[in-house]
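See below for the structure under consideration.
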Amino acid sequence: MDFALTKEESLIQKMAKEYSEQAIEPIAEQIEKENRIPREILEGLAELELFGLAMPEEFGGAGAGYESYVLAMEQIARVCTAPAMIISAHSLGMGAIAAFGTEAQKQKWLPKCCKGEWIASFAFTEPGTGSDPKQITTIAVKDGDGYIINGTKRFITNGSYEGPILVFAKDSESGRPTGYIVDKFCTGYTVSEPWEKLGWHGGALVDCYFDNVKIPGENLLGELGNGYPILQYGIAFGKIGMNAIALGTTLAAYEEALKYAQEKTHRGAPISKFQTIQLRLADLAMLYDVSRWTSYKLGYLANKPKSPSDFAKEAAQAKVIVAENSRRAAEIAMDIHGSYGLMADYKISRIYRDAAMGPQIEGVIDMQKIIVAGEILKG
Numbered sequence: 001m002d003f004a005l006t007k008e009e010s011l012i013q014k015m016a017k018e019y020s021e022q023a024i025e026p027i028a029e030q031i032e033k034e035n036r037i038p039r040e041i042l043e044g045l046a047e048l049e050l051f052g053l054a055m056p057e058e059f060g061g062a063g064a065g066y067e068s069y070v071l072a073m074e075q076i077a078r079v080c081t082a083p084a085m086i087i088s089a090h091s092l093g094m095g096a097i098a099a100f101g102t103e104a105q106k107q108k109w110l111p112k113c114c115k116g117e118w119i120a121s122f123a124f125t126e127p128g129t130g131s132d133p134k135q136i137t138t139i140a141v142k143d144g145d146g147y148i149i150n151g152t153k154r155f156i157t158n159g160s161y162e163g164p165i166l167v168f169a170k171d172s173e174s175g176r177p178t179g180y181i182v183d184k185f186c187t188g189y190t191v192s193e194p195w196e197k198l199g200w201h202g203g204a205l206v207d208c209y210f211d212n213v214k215i216p217g218e219n220l221l222g223e224l225g226n227g228y229p230i231l232q233y234g235i236a237f238g239k240i241g242m243n244a245i246a247l248g249t250t251l252a253a254y255e256e257a258l259k260y261a262q263e264k265t266h267r268g269a270p271i272s273k274f275q276t277i278q279l280r281l282a283d284l285a286m287l288y289d290v291s292r293w294t295s296y297k298l299g300y301l302a303n304k305p306k307s308p309s310d311f312a313k314e315a316a317q318a319k320v321i322v323a324e325n326s327r328r329a330a331e332i333a334m335d336i337h338g339s340y341g342l343m344a345d346y347k348i349s350r351i352y353r354d355a356a357m358g359p360q361i362e363g364v365i366d367m368q369k370i371i372v373a374g375e376i377l378k379g
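First residue of the sequence shown? That's 1 in UniProt numbering, and the numbers climb one at a time after it.
Here's what the structure looks like:
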């Protein structure tokens, strides 16, 4: 078992780190305050092929695989979670089209998505449900050769960017969830103002409204009434990006705490000289190491999953470990900073709020444990 990065993986990691530090970090606080990402940052990420990093080269992607995707996302999120959040949701929607789409659908949607010209979305959550497909109320009615969609989707990332949005709606005849590809900002598609979030500022979450949205029959993803496998795939693969963001947040908390402990003095000596602080720094190092290898393993498994249910278990398990470690790391780093950590001038205050997002996004912690337990009890 070789834990070393390949030459290509090391180069991608270095590229993402350098771009994040040089282009994103200087304006991270601006992104935080304005709650938006400048277009030039997204264009820069696109130039580095980070919007299609894991996608096959035949559709315009970099073909680097999910291991490299995790490495790059970690470095971006370490500096600022918002761009990583956008790429994660984009990869979720795009990945579902790549896995379940027809050849024509892949050729139509993926090349521009891989180039960052379009930014994809994945729309399942509604005001009344966030985890049970049977409870969705968005409905699709057959209309000639196409479909008419009506409903509301909640907390959707990238809903305000042009590109495809994968919408899960009930087929009016069977009442079962089905996936449909909608071109955002077509007639009948509108979005709300962004929600004001605790953390991850700059990565806007909006409600998406579908008012008699008409789509052609060719935009049906998979078969009618067969949306659950797409959902299972999408939700599991979406956790790769979410874990990488939580991992980057853990690394940021660790680095900020270490820096502060070495610079802050008490009685003429850095507080890192005190054993209690050393114990906390050791905790941070271990939390990061566990999260790192858990996230890297998930990226490895994503390239060659044994089965959808097996990968769903691995993804859920990783989500619990990495998201909770991120939250714990931020708490420890905040404690090391003391009162200074509460001040907006210190990066740890942003990290602390960002870390609180991970356990709630892409499936709450207890739901992930239920998924893991379900697979264990299958025997």
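A virtual CB, placed ideally from N, CA and C, is assigned to each residue, including glycine.
Per DSSP, which residues does residue i bridge with? Please list them.
{"i": "D183", "result": "P164"}
{"i": "V191", "result": "C208"}
{"i": "P26", "result": "BP columns for P26 are empty, so no partner."}
{"i": "K153", "result": "C208"}
{"i": "H201", "result": "Per DSSP, none; premise fails for H201."}
{"i": "I148", "result": "V141 and K214"}
{"i": "P270", "result": "T265"}
{"i": "P177", "result": "K170"}
Which residue marks the beginning of the beta strand (DSSP E) containing residue i, and which one marks its end?
{"i": "D2", "result": "Where D2 is concerned, there is no enclosing beta strand (DSSP E), given that its DSSP letter is neither H nor E."}
{"i": "D207", "result": "L205 to P216"}
{"i": "D310", "result": "Careful: D310 lies outside any beta strand (DSSP E), inside the alpha helix (DSSP H) at P308 to H337."}
{"i": "Y254", "result": "Taken as a continuous stretch (DSSP letters only), Y254 belongs to no beta strand (DSSP E), being part of the alpha helix (DSSP H) at G227 to E263."}
In the DSSP assignment, the alpha helix (DSSP H) including residue i goes from what residue to what residue?
{"i": "G44", "result": "R39 to E47"}
{"i": "N219", "result": "N219 -> no alpha helix (DSSP H), and no H or E assigned at all."}
{"i": "R292", "result": "Q275 to N303"}
{"i": "Y19", "result": "K7 to Y19"}
{"i": "G374", "result": "I365 to L377"}
Using the three-state DSSP reduction, which class does residue i fall into: helix, strand or coil?
{"i": "K347", "result": "helix"}
{"i": "A140", "result": "strand"}
{"i": "A169", "result": "strand"}
{"i": "P359", "result": "coil"}
{"i": "G341", "result": "helix"}
What residue from the options has the CA that sits closest to residue i's CA?
{"i": "S172", "options": "I371, T138 and E331", "result": "T138"}
{"i": "Q360", "options": "A16, I351 and R327", "result": "R327"}
{"i": "M55", "options": "A99, A316, R292 and L45", "result": "A99"}
{"i": "K33", "options": "L11, L198 and Y340", "result": "L198"}
{"i": "P83", "options": "V213, A204 and S68", "result": "A204"}
{"i": "M334", "options": "R267, P133, T250 and D289", "result": "T250"}
{"i": "K184", "options": "W195, K153, R176 and G63", "result": "K153"}
{"i": "F210", "options": "T265, F155, I148 and G222", "result": "I148"}
{"i": "K108", "options": "P133, P164, G130 and D132", "result": "P164"}
{"i": "R292", "options": "E57, A72 and F59", "result": "A72"}
{"i": "A257", "options": "L279, E193 and E21", "result": "L279"}
{"i": "I12", "options": "E43, E67 and E29", "result": "E67"}
{"i": "L281", "options": "E331, Q105, G238 and A89", "result": "E331"}
{"i": "A261", "options": "V290, N226 and G338", "result": "G338"}
{"i": "G225", "options": "I136, E162, L110 and G116", "result": "I136"}
{"i": "E47", "options": "E117, D310 and S131", "result": "E117"}
{"i": "N243", "options": "S295, Y233, K306 and T265", "result": "S295"}
{"i": "I336", "options": "N150, F51 and D283", "result": "D283"}
Length-filtered (4 minimum) alpha helix (DSSP H) runs lying within the region 56 to 126
65 to 79, 81 to 100 and 103 to 114
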